[in-house]
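Enquirer:
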Amino acid sequence: MSPTSSPEATAGQAPARHWPAFNVEGAVVFAVIIVAWQIAARLFPPFLFPSLGSVATAIADIFRDPVAISAIWLTYVRILASLTAAFALSLLAGIWAGFQVRVGRALLPLVQFLQGVPAVCWIIFAVLWFRNTELRIAFVILISTFPSFYYQIREGLLAIPDDLSGMVRALRPTRWQLVRKLMLPSLVPQLLTGWRLNLGTGTKVTIMAELLGGISGIGYQLRLAQELFRMDRAIAWTAVLVFFVLVTNKALALIDKRLLAWRVR
Amino acid sequence: MRSDNFSGNMDIADAVIRCDNVRKEFVRDGNRTLAVDGLSFTVARGEYVCVVGRTGHGKSTLVNLLLGLLPASAGTVEVLGRDPYRQFDQLKGRLSCIFQGDRLLPWRTVLANVRLPLEILGIRERTLPLHAMDWLKRLGLQEVPGAYPHELSGGMRQRVAMARALVSDPEVVLADEAFAHLDAVTGDRIKSDFRQLMRSSGKTVIHITHSIEEATTLADRIIVLGEHGRIRASFRADSVHGAHAIDELRHEIYRQVANAERPALSVVSGK
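Top line first, the protein sequences correspond to chains A and B. All residue numbers for the first sequence refer to numbering that gives the first Met the number 0, where the first residue is 0 and numbers rise by one. All residue numbers for the second sequence refer to numbering that gives the first Met the number 0, where the first residue is 0 and numbers rise by one.
1) Given a threshold of 16 other Cβ atoms within 10 Å of its Cβ, counted over all protein chains shown, does A/Gln-220 qualify as buried or as exposed?
2) With DSSP as the reference, label A/Asp-231 as helix, strand or coil.
3) By Cβ distance below 7 Å, which residues in the same chain neighbour B/Ile-278 in space, the five residues on each side in sequence not counted?
4) Which bits of chain A does B/Cys-96 rub up against, with CB to CB less than 9 Å?
5) What is the residue span of the beta strand (DSSP E) that B/Thr-126 lies within?
6) Can you name the residues of chain A whose CB is closer than 9 Å to the CB of B/Phe-87?
7) Identify the residues that DSSP records as bridge partners of B/Tyr-253: which are they?
8) Taking Cβ to Cβ, would you say A/Gly-199 is nearer than 8 Å to A/Thr-74?
9) So the candidates are A/Ile-33, A/Ala-105, A/Leu-227, A/Gly-201; which of them puts its Cα closest to the Cα of A/Leu-141?
10) Using a beta-carbon distance below 8 Å, is A/Asp-162 in contact with chain B?
11) Going along the chain, which residues of the stretch 238-263 of chain A sit with their C-beta nearer than 9 Å to a C-beta in chain E?
12) Beta carbons nearer than 9 Å to chain A: which residues of the stretch 112-128 of chain B have them?
13) Helix or strand or just coil, what does DSSP make of A/Arg-135?
14) B/Ala-146 to B/Leu-140, Cα distance in whole Å?
15) Determine whether the Cβ of A/Gln-151 lies closer than 8 Å to any Cβ atom of chain B.
16) Pull up the CB-CB distance for A/Ser-69 and A/Ile-152, whole angstroms please, since I reckon it's below 8 Å.
17) So within the stretch 123-182 of chain B, which uninterrupted beta strand (DSSP E) runs reach at least 3 residues, ignoring any that extend past its ends?
18) Closer than 8 Å, CB to CB, is B/Arg-102 near chain A or not?
19) In chain A, what lies closer than 9 Å to B/Trp-134 by C-beta?
20) Which same chain residues end up closer than 8 Å to A/Arg-174 when comparing Cβ atoms and leaving out the 5 residues on each side of it in sequence?
21) For B/Ala-236 and B/Ala-259, what's the separation of their Cα atoms in angstroms?
22) Per DSSP, what are the beta-bridge partners of B/Leu-94 in this structure?
23) Since A/Pro-49 and A/Ala-40 should fall inside the 8 Å C-beta cutoff, what is the C-beta to C-beta distance between them, to a whole number of angstroms?
24) Exposed or buried, which one is A/His-17 when buried takes at least 16 other CB atoms within 10 Å?
25) For A/Trp-261, tell me which candidate among B/Trp-106, B/Ala-160, B/Leu-120, B/Lys-190 has the shortest Cα-Cα distance.
26) Quick one: Cα of B/Glu-150 to Cα of A/Ala-252, how far?
27) Are the beta-carbon atoms belonging to B/Val-35 and B/Val-26 less than 8 Å from one another?
28) Mark B/Leu-79 as exposed unless 16 or more other C-beta atoms lie within 10 angstroms of its C-beta, in which case mark it buried.
29) Would A/Pro-117 be called buried (16 or more neighbouring beta carbons within 10 Å of its own) or exposed?
30) With 8 Å as the threshold, decide whether the Cβ of A/Gln-189 is near any Cβ in chain B.
31) What separation, rounded to the nearest whole angstrom, lies between the Cα atoms of A/Phe-21 and A/Ala-250?
32) Does the stretch 202-216 of chain A come close enough to the stretch 124-132 of chain B that 3 or more CB-CB pairs lie under 8 Å?
33) Name, in chain order, the residues that DSSP records as bridge partners for B/Leu-224.
34) So, does the CB of B/Leu-68 fall closer than 8 Å to a CB anywhere in chain A?
35) Need the endpoints of the beta strand (DSSP E) that A/Asn-197 sits in, please.
36) Return no unless some Cβ of chain A is closer than 8 Å to the Cβ of B/Pro-144.
Dropping the structure here:
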């Protein structure tokens, strides 16, 4: 008899319950919010609580309007392109610091300083420094997400077990081989975590930058909705953003499953 | 038991491994630590030499010196006539190591782990007499080339590590406490297979171990390291037969290891 099936082992413990894949409890919470919203929509004016029907119409309008669709693409491309640039830069810096202790020591205070500055301050600096909107947004995303990526890479490199490193180094790899055969594969879990964290940060910062200093994109559309007291459109644009985050998270989960198939699950 | 000198009664010119008056110091924060001092021995081609000694008596430093991961502070270290630290390029693929613990890369499959040295050393698999898959077959791993390390037992993982060390067809194999973490039954089977493989392929082996029993079972010759890696004794084990003689040899090795903190009184040359 296995230890877990013995009466002694299970005595005093509640049997483990098998939970269904569909989260009923979560769905109930959403259903309650929807009902409450619909009641509020009957009691308050539409600029405070628009009906769910008008929100649905606003979402449909967005997908019918070529200008709105281009705003969506523009924001998504800004987020992904700037995050890719921040990722590449921090990967290079992190690996360089992994090879050269002096580089790591030089970068650490700078990264700590960057992390301490709120994103909204960078937006203000970017508006004052750069005339070009794309440059402003790219700068703010890059500077806001670089520390997080860098820390993940740094921690990942420090976590490489000495015995694995010693085994590979005994074969006298070139630096490039060391990066390809040992460092990058070891870093995959941390890199994926970095992307998960920074997709959220990048989305928030991009919308803020578009809201405060942009003339295009979803953030700019949100500002227009606010100026026109169009709560239905503001919610519709928010739904588009949430959809983006859900899709990118799903994509990351698929990448995770593929790249980390070797992990014990 | 026969007496022996540290060169195993061979001509120095035949030596595949030669350490001559080797000294290794480590300097940390201005403090010097002497790890190895006055280490001299040779190993002949095809010989299986076990090195035993207490913790802190320079066994790991010896492995690192032979692998060329550390330079000697003084003296000469030669493997196949080359300085492993300065001339490793000329030893690529000719010298390999089975480490303590399997040290398999967890993201690589069994086959990819075995092929790792070939990829790094730039050796084309088709130029070798035995391919990675052939080694897996020899070691009874032909069913699991696509498995990840976490899916294997400890014994299977160590067999993969053996295949990885042998895939480049090295002339010299270092085994650093290679079987120390395996249970007795698994360890005995793997040691026996390893000894058989080394003997049949004529490879030269230096095997670092804490286990006197392991050393007397596997080795042609056993070297006992004392303080600072100084050799206290060397025993020929290949000519020792019979349970009583083997027990006597083990007892003598144990006595030498246990007394290793005291300066060696004499070089044991056998009985």
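Yeah, the Cβ is synthetic: ideal placement off N, Cα and C, and Gly gets one too. The model shown is predicted, which means the values in this text are computed figures rather than measured ones.
Expert: On the basis of the coordinates in this document:
1) In this structure A/Gln-220 is buried. Its beta-carbon is surrounded by 16 or more other beta-carbon atoms within 10 angstroms.
2) The three-state reading of DSSP puts A/Asp-231 in helix, counting H, G and I together.
3) The displayed coordinates of chain B run from 0 to 270. Any statement about residue 278 of chain B would go beyond what the structure contains.
4) Within 9 Å of the CB of B/Cys-96, the CB atoms of chain A belong to Met-166, Ala-169, in sequence order along the chain.
5) Premise fails: B/Thr-126 is in no beta strand (DSSP E) and is neither H nor E.
6) Chain A residues near B/Phe-87: Arg-171.
7) Paired residue(s): none; B/Tyr-253 is not in a bridge.
8) Between A/Gly-199 and A/Thr-74, the CB-CB gap reaches or exceeds 8 Å.
9) With distances taken between Cα atoms, A/Leu-141 lies closest to A/Gly-201.
10) Residue contact with chain B for A/Asp-162: present (Cβ-Cβ distance below 8 Å to some residue of chain B).
11) In the structure shown, chain E cannot be found, because the protein chains are A and B.
12) For the stretch 112-128 of chain B, which is checked against every Cβ of chain A, the residues closer than 9 Å are Leu-115, Pro-116, Glu-118, Ile-119, Leu-120.
13) The DSSP-derived three-state label of A/Arg-135 is helix.
14) If you take the alpha carbons of B/Ala-146 and B/Leu-140, they lie about 10 Å apart.
15) Any Cβ of chain B closer than 8 Å to the Cβ of A/Gln-151 would place that residue at the interface, and such an atom is absent.
16) About 34 Å; that fails the 8 Å criterion.
17) Fully enclosed beta strand (DSSP E) runs of 3 or longer: 171-175.
18) It does: the Cβ of B/Arg-102 has a partner Cβ on chain A nearer than 8 Å.
19) The contacting residues do not exist; B/Trp-134 stays about 17 Å from chain A at best.
20) For A/Arg-174, same chain residues with a beta-carbon under 8 Å away, outside a window of 5 residues either side, are Phe-98 in chain order.
21) Taking the straight line joining both Cα atoms gives about 20 Å.
22) For B/Leu-94, the pairing in a beta bridge is given by DSSP as B/Val-171.
23) About 6 Å separates the two Cβ atoms, so the contact holds.
24) The residue in question, A/His-17, is exposed, as its Cβ has fewer than 16 Cβ neighbours within 10 Å.
25) Ranking the options by Cα distance to A/Trp-261, first place goes to B/Trp-106.
26) Straight-line Cα distance between these residues: approximately 22 Å.
27) Contact: no.
28) It is buried - the Cβ of B/Leu-79 has at least 16 other Cβ atoms within 10 Å.
29) Within a 10 Å sphere around the beta-carbon of A/Pro-117 sit fewer than 16 other beta-carbons, which makes this residue exposed.
30) Proximity of A/Gln-189 to chain B, defined by a Cβ-Cβ separation below 8 Å, is not satisfied.
31) Using only the alpha carbons, I get a separation of about 20 Å.
32) Three or more beta-carbon pairs separated by less than 8 Å are not found between the stretch 124-132 of chain B and the stretch 202-216 of chain A, which leaves the two stretches without contact.
33) Answer is B/Gly-52, B/Ile-230, bridged to B/Leu-224.
34) B/Leu-68 counts as touching chain A.
35) Element bounds for A/Asn-197: not the beta strand (DSSP E) but the alpha helix (DSSP H), 183-212.
36) Put simply, the CB of B/Pro-144 is far from chain A, with every gap to its CB atoms at 8 Å or more.
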